[in-house]
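To start, the structure under review is shown below, and the notes come after it.
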Amino acid sequence: MNDRTWDRLSGLVVGAALGVLAGILLAPSAGAETRGSIKKKTQDSLDQIQKNVRDIRESLTQKGQALFKKSVTEIPLDDNEDPHEDQGA
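Read in the UniProt record's numbering, the sequence shown has 84 at position 84, and its numbers run on one by one without any break.
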């Protein structure tokens, strides 16, 4: 994970935590309402984090596939290697 992605993800987590804290401190609601509101805000934040993680995973997968394709097409074979020979995994 590069620094920019890490910064975005950690910023999101910190922002979500601060938002929940501000909600608790500024809420004029009754205890049950406040807890319900906190639960909803927390779930919304978790949903956003999950979406960001999925987006990051998809981006990394695409970049990895592109690098693999590039390496397959750009790395020359040894003269004695048969490019059609099954390498077996």
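Note that CB positions come from ideal geometry on N, CA and C, so glycine has one too.
When the Cα atoms are used, residue 16 and residue 63 turn out to be separated by approximately 29 Å.
Secondary structure of residue 17 (DSSP, three-state): helix. Secondary structure of residue 2 (DSSP, three-state): coil.
Ranked by Cα distance from residue 12, the first of 66, 74, 57 and 50 is 50. Our two residues, residue 69 and residue 2, have alpha carbons roughly 21 Å apart in a direct line. Annotation for residue 32: the continuous alpha helix (DSSP H) segment containing it runs 31-74.
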